[in-house]
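Taking it in order: structure first as C-alpha cells, then the write-up.
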Amino acid sequence: MNNELVLRSRTISREMTTTPNEMRPYGPLPVFIGRVDEDSEDWIRLYERYAAAVSWSDTQKANNPVITLEEEARRWYSSVLRETSAT
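Heads up, the sequence shown is in UniProt numbering, so the first residue is 1 and it goes up one at a time.
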C-alpha cells in the first residue's frame with residue numbers, strides 16, 4: 001500500500017497508478033538516479049524494452065519516464081521543465 005501511495009503522488013497516467021510496481025508482470029520499471037557510475041544509454045535500452053513488453057503507446061512512452069527518475073536525475077528533469085516553461 002505504501003508504494004501505491006507514492007505512485008499516486010506523482011504525475012503519471014491512470015494506468016500506471018492501478019498496479020504497484022512489485023505486481024507488474026515484467027518486474028519493476030528500470031530506475032535511473034543519475035550517478036556517474038550509471039550508464040544512461042543502458043537505462044534507455046531497458047526502458048524501451050519494458051515499454052515494448054507492456055505495449056505502451058508512444059504517448060505513454062513519452063510521459064512515463066518521469067516516474068523512473070530519482071535523486072539527481074529527477075532534479076535535472078525538473079530543471080529542464082522549469083527552463084522549458086520559462087521560454
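Positions of the beta carbon are idealized from the N, C-alpha and C atoms, including for glycine.
Checklist entry - What are the start and end residues of the alpha helix (DSSP H) that includes serine 55? => result Unbroken run through serine 55: none, as it is neither H nor E.
Checklist entry - What distance in whole Å lies between the Cβ atoms of threonine 68 and valine 36, which are believed to be in contact at a cut-off of 8 Å? => result The C-beta distance from valine 36 to threonine 68 rounds to 18 Å, too long to meet the 8 Å contact threshold.
Item to check | threonine 84 versus serine 78 - alpha carbon distance | outcome: 10 Å
Item to check | arginine 74 versus isoleucine 44 - alpha carbon distance | outcome: 15 Å
Next on the checklist: Please classify alanine 51 as buried or exposed, where buried requires at least 16 other C-beta atoms within 10 Å of its C-beta.
Outcome noted: buried
Checklist entry - Between which two residues does the alpha helix (DSSP H) carrying arginine 82 extend? => result 71-86
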